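These protein sequence lines are chains P and W, in that order. Quick note: the first sequence uses numbering that gives the first Met the number 0, first residue 0, plus one each step. Quick note: the second sequence uses numbering that gives the first Met the number 0, first residue 0, plus one each step.
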Amino acid sequence: MGYDNRLEEVVGVVALTPVTDESLMAAHLRGDRAAFRELVERYADGLLRYLVHMTANRDQAEDLFQETFKKVHEKAHTYRGPVFKSWLFTIATRATIDHLRRRKRSAMLSLDQEADCGQDSGSSLAETLASEDAPDPADELVREERKQQVREAVASLPVKQRAALVLAYYQQLSYREVADVMGCSLGTVKTQMSRALATLARRLPESISVTK
Amino acid sequence: MNGHCTEQQLIDYAFELASEAQMHEIRAHLDGCEACRAKLDGLKAKFSTLDLLREEMGASPALIASTIEAATGAKRPAILRLWARPWLGAVAAVVIVGVALLVVSTFGPGRKAPQPVTEKSFSQENLSQRTLDVPAAAEPEKLVAADRSLRSDAAAPTAGWQPQAKLGDGAVSKSSPIPTDAGAGLTLARTEIDEKPPFAPASAIELVVLPRRENVQLTIYNGADLTLVREQRHLTLKKGWNWLQFMWANTLIDPTSLSLEPTEHKDHVQVQQLVFPPRLRELGRWLIRSEVEGQVPFELTYMTSGLAWRAFYMGTLSLDERSMRLEAYVRVDNASGEDYDDAQTRLLVGKVHLLDQIRDLAQRQYAYDDPRSRGMVGGLGLDDAELRNEEASNRILSYEWKGQVLDELDRKEIVKEGLSEYFLYTIGGTETIPNEWGKRLLSFEADDVPVTSLYKYDEERWGTDPIRFVSFANDTEHKLGETPLPDGSVRIYAQTDAEKHLAYIGGTETKYIPVGEEVELNLGPARLVKVEPVLLELRTENHTFDSKGNVAGWDEVRSWKIEIANARTLPVDIEITRGFDTPRWELKTENPTATYEKHDVTHARFKLKVGPRSREMLTYTVTTYHGAREQVLIQKEQSAQR
Chain P
0 MGYDNRLEEV VGVVALTPVT DESLMAAHLR GDRAAFRELV ERYADGLLRY LVHMTANRDQ
60 AEDLFQETFK KVHEKAHTYR GPVFKSWLFT IATRATIDHL RRRKRSAMLS LDQEADCGQD
120 SGSSLAETLA SEDAPDPADE LVREERKQQV REAVASLPVK QRAALVLAYY QQLSYREVAD
180 VMGCSLGTVK TQMSRALATL ARRLPESISV TK
Chain W
0 MNGHCTEQQL IDYAFELASE AQMHEIRAHL DGCEACRAKL DGLKAKFSTL DLLREEMGAS
60 PALIASTIEA ATGAKRPAIL RLWARPWLGA VAAVVIVGVA LLVVSTFGPG RKAPQPVTEK
120 SFSQENLSQR TLDVPAAAEP EKLVAADRSL RSDAAAPTAG WQPQAKLGDG AVSKSSPIPT
180 DAGAGLTLAR TEIDEKPPFA PASAIELVVL PRRENVQLTI YNGADLTLVR EQRHLTLKKG
240 WNWLQFMWAN TLIDPTSLSL EPTEHKDHVQ VQQLVFPPRL RELGRWLIRS EVEGQVPFEL
300 TYMTSGLAWR AFYMGTLSLD ERSMRLEAYV RVDNASGEDY DDAQTRLLVG KVHLLDQIRD
360 LAQRQYAYDD PRSRGMVGGL GLDDAELRNE EASNRILSYE WKGQVLDELD RKEIVKEGLS
420 EYFLYTIGGT ETIPNEWGKR LLSFEADDVP VTSLYKYDEE RWGTDPIRFV SFANDTEHKL
480 GETPLPDGSV RIYAQTDAEK HLAYIGGTET KYIPVGEEVE LNLGPARLVK VEPVLLELRT
540 ENHTFDSKGN VAGWDEVRSW KIEIANARTL PVDIEITRGF DTPRWELKTE NPTATYEKHD
600 VTHARFKLKV GPRSREMLTY TVTTYHGARE QVLIQKEQSA QR
């Protein structure tokens, strides 16, 4: 969790004391771009992972990532707290659901989509297998195959079930926080989660050692 | 707990989704049940595969940088991966065309305000009443909405539906609606909508007739058999999934061009797909997901053929024939198979490149064609489409033969505006154009347009009759020039007396006349002006001979007398063109009133004025050179050029 000296001057915090999201938002509202940068960097990985899980497409996730932070920037004056993360994921979830509805109307998939969402470094599976420090190619192949099965199982869930699962499981939000993000009741979140897990129990591959 | 835990109970236990009491009960059971513990461990192991995706990827510095810059309005634009979206080019093309069409068809005045209904008005009783209020016969394309909840096994097939017959209890959601910002008169219920859309109904369905169209706008092209139709209707939706059926049987609507979009509440209403059920001819069904209940305005757009327009001009010359009153009309003909009531009508001039003829697309059995329909029919060697085309052509011919034209009694203002290389004419107000009717509307009128009357005589082009021309320019000097004039028919009349009785002078077809261009109307042979050329003398002279004594060259001298008789009460200007079949000619005239100019290499053109009810005589002598005499002239010309 890094921030530069200029940021400290602006928000007036004591060095080594973590800056809260809320104070960063306050600084951002005062026009400090460094504060906004810090917020983006702070949630970049988590938000992008969430969006990739939701869309199963890296390109679309990056577009939504940009759209989400653009809305954060534009709607900063409406932020009332207290939990920035919930607010951020609420914006992202709404944008994602809208996007998925639009996409459903005219779904067009990039031919290299599979590679898009499966590889973060851009290297192909063949290249990975060919590298010297790669583990046993056969094991890696099985692992990739299972990963793909998991990805497909998650992607096959209805949008709201997927959102509940990703927020609760991968983002480790409490069910209450998930309810806030999704704008529904705690009971609804639990129902969605329960249905999602029941579906996954049928669709997930049998377990193997997942340690890399 | 009786028996073992179910899988769902174990899942809820593992993820703390069960209530406190259930958690306690399951925990107690697990303590004493090895089988359930094993089953739980198996489930946990299975769910552990989810962790494979846990740390899959992170955000790159480039993404973070571009996000910050895009969000804060810096110059760098958002990342756009064109290489990952090969379809973007096609989309861009569609957008360009779409924008053009939207510009063409922006709604003008006369639009009726939507009539939202209150929550109360969505009762079954009122819906039924609304249905009964709509006469089915007045809705030829049979636009109907259906909902999955309305289906029943006993429902009538689509082709024979009874609009007012059935309305299931499920027509309106049973949720408790709460007012929101969705719009006045609309309700947004909290109940969940099933994420999975219903399967498209195949053949049996209960249908609800919708209100009539609120607005319709026609953009009729004259360069192709093409009309863009945009119509607005208020559809009554219920929360959830709604089916809307559109039939284009007996019309010339292109089903591949159908588009449906809500014009309001776009965040709450999505048109998700258009399906063409098998074995059902000429109909499509839209699937609409709605988070609101009530009337939502929609815009339906499509292309059709069978509508056409054409320009007509009527010019009335003044008594002195120096000016003209010009009235322009457009005639709109409807043979599309569909009635258009109170349509805002726009007429577009310009060539349109069509990949397919709309008429052909409209008459396909299946919207996007079906390979099976390409088979031979009845051993005639014709396929379905050809047979239907012939039928349609006969219908059009029959219609034209009938010549049903209804002249508009009230004058309509026709507004024109430029649209790139096209030109758009908007007829003021609205028009009702029933199927198989034609309608003539006044486009514009201009008084005292200065014109030039001219008679032309050219035997090679028009024979022995002089031809009458009236010319003017489409510019401000001639009190025109606001817009190009579309191609069409012109009829010219002249006032015969002070009482303004009219005489038909002649008519012609004119091409598209851009602003600033001069136009010359050929009104046909003149009846009161005669031109009679008489050859008075023909002789040869200046003969030359070759070495054998044969004639090698000579001059031909012709003397002509041309008598011009003007039986009109007005003086006339006349232009007489004479040809000599050779580029080497010499002309002498002894008539002081007739001047001539070399029109081209083989023609001379005389211009003269003839007084009212009088005659003029034009005499000239022309010498042409032949054989060796011509060669001598050629050599002289060549040496002069050197």
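By construction, the Cβ of each residue, glycine as well, lies at the ideal position given by its N, Cα and C atoms. Here the structure is a predicted model, which is why all the values come from computation and not from measurement.
Under 7 Å from any heavy atom of the ligand GTP, does the C-beta of residue i make it?
{"i": "W:Gly293", "result": "This structure lacks the ligand GTP; in fact it carries no ligand of any kind."}
In whole angstroms, what separates the C-alpha of residue i from that of residue j?
{"i": "W:Thr618", "j": "W:Asp464", "result": "19 Å"}
{"i": "W:Phe643", "j": "W:Arg212", "result": "Missing from the structure shown is residue 643 of chain W; chain W here goes from 0 to 641 and no further."}
{"i": "W:Leu16", "j": "P:His72", "result": "35 Å"}
{"i": "P:Lys159", "j": "P:Gln191", "result": "7 Å"}
{"i": "W:Thr235", "j": "P:Cys183", "result": "27 Å"}
{"i": "W:Glu615", "j": "W:Arg321", "result": "22 Å"}
{"i": "W:Lys647", "j": "P:Leu99", "result": "The question about residue 647 of chain W has no answer, for chain W in this structure spans 0 to 641."}
{"i": "P:Trp86", "j": "W:Ile10", "result": "29 Å"}
{"i": "W:Ala310", "j": "P:Phe68", "result": "56 Å"}
{"i": "W:Ala27", "j": "W:Leu49", "result": "28 Å"}
{"i": "W:Gln630", "j": "W:Leu325", "result": "55 Å"}
{"i": "W:Leu520", "j": "W:Glu562", "result": "25 Å"}
{"i": "P:Ala33", "j": "P:Leu140", "result": "43 Å"}
{"i": "W:Thr622", "j": "W:His542", "result": "13 Å"}
{"i": "P:Val165", "j": "W:Gly222", "result": "56 Å"}
{"i": "W:Val530", "j": "W:Ile466", "result": "10 Å"}
{"i": "W:Met648", "j": "W:Pro276", "result": "Here chain W covers residues 0 to 641 and nothing more, so residue 648 of chain W does not appear."}
{"i": "W:Ala502", "j": "W:Val448", "result": "19 Å"}
{"i": "W:Gly336", "j": "W:Gln216", "result": "16 Å"}
{"i": "W:Lys478", "j": "W:Val270", "result": "50 Å"}
{"i": "P:Glu40", "j": "P:Phe83", "result": "14 Å"}
{"i": "W:Ala70", "j": "P:Ala197", "result": "39 Å"}
{"i": "W:Thr509", "j": "W:Leu534", "result": "37 Å"}
{"i": "W:Thr315", "j": "W:Trp461", "result": "25 Å"}
{"i": "W:Met642", "j": "W:Pro591", "result": "As shown, chain W starts at 0 and ends at 641. That puts residue 642 of chain W outside it, with no answer to give."}
{"i": "W:Glu292", "j": "P:Arg142", "result": "48 Å"}
Using the beta-carbon count (16 or more within 10 Å), is residue i buried or exposed?
{"i": "W:Glu585", "result": "exposed"}
{"i": "W:Leu441", "result": "buried"}
{"i": "W:Phe544", "result": "exposed"}
{"i": "W:His233", "result": "buried"}
{"i": "W:Arg53", "result": "exposed"}
{"i": "P:Asp58", "result": "buried"}
{"i": "W:Ser289", "result": "buried"}
{"i": "W:Lys608", "result": "exposed"}
{"i": "W:Ala644", "result": "Because chain W here runs from 0 to 641, residue 644 of chain W falls outside it and cannot be looked at."}
{"i": "W:Ser452", "result": "buried"}
{"i": "P:Gln171", "result": "exposed"}
{"i": "W:Gln640", "result": "exposed"}
{"i": "W:Leu101", "result": "Interpretation of W:Leu101 is limited by its pLDDT of 35, a score under 50 that renders its predicted location unreliable; the figure taken from the coordinates is listed afterwards. W:Leu101 is exposed by the Cβ-count criterion."}
{"i": "W:Gly283", "result": "buried"}
{"i": "W:Gln634", "result": "exposed"}
{"i": "W:Asp332", "result": "buried"}
{"i": "W:Gly239", "result": "buried"}
{"i": "P:Gln65", "result": "buried"}
{"i": "W:Thr568", "result": "exposed"}
So residue i packs on residue j, CB below 8 Å; how close in whole Å?
{"i": "W:Gln343", "j": "W:Thr429", "result": "5 Å"}
{"i": "W:Tyr730", "j": "W:Pro532", "result": "Look at the range of chain W in this structure, 0 to 641, and you will see that residue 730 of chain W is not part of it."}
{"i": "W:Glu230", "j": "W:Glu260", "result": "Not really, about 12 Å apart at Cβ, beyond 8 Å."}
{"i": "W:Lys606", "j": "W:Glu574", "result": "5 Å"}
{"i": "W:Glu596", "j": "W:Arg604", "result": "6 Å"}
{"i": "W:Gly610", "j": "W:Asn565", "result": "7 Å"}
{"i": "W:Thr218", "j": "W:Leu51", "result": "W:Thr218 to W:Leu51, Cβ: 55 Å. No contact."}
{"i": "W:Gly515", "j": "W:Asp474", "result": "5 Å"}
{"i": "P:Leu47", "j": "W:Ala58", "result": "4 Å"}
Count Cβ pairs between the segment 296–310 of chain W and the segment 242–255 of chain W that sit closer than 8 Å; are there 3 or more?
yes
Which runs of the alpha helix (DSSP H), 4 residues or longer, sit entirely within the segment 137–196 of chain P?
158–164 and 174–181
Could you tell me whether the segment 331–345 of chain W touches the segment 462–480 of chain W, using the rule of 3 or more Cβ pairs below 8 Å?
no
Using 8 Å as the cut-off, can you tell me whether the segment 39–56 of chain P makes contact with the segment 143–161 of chain P, which would need three or more C-beta pairs spanning the two stretches below that distance?
yes
Restricting to runs no shorter than 4 residues, where is the alpha helix (DSSP H) found entirely within the segment 28–66 of chain P?
32–54
Which runs of the beta strand (DSSP E) fall wholly inside the segment 257–338 of chain W and span at least 3 residues, in chain order?
268–274, 282–289, 291–303, 306–316 and 322–333
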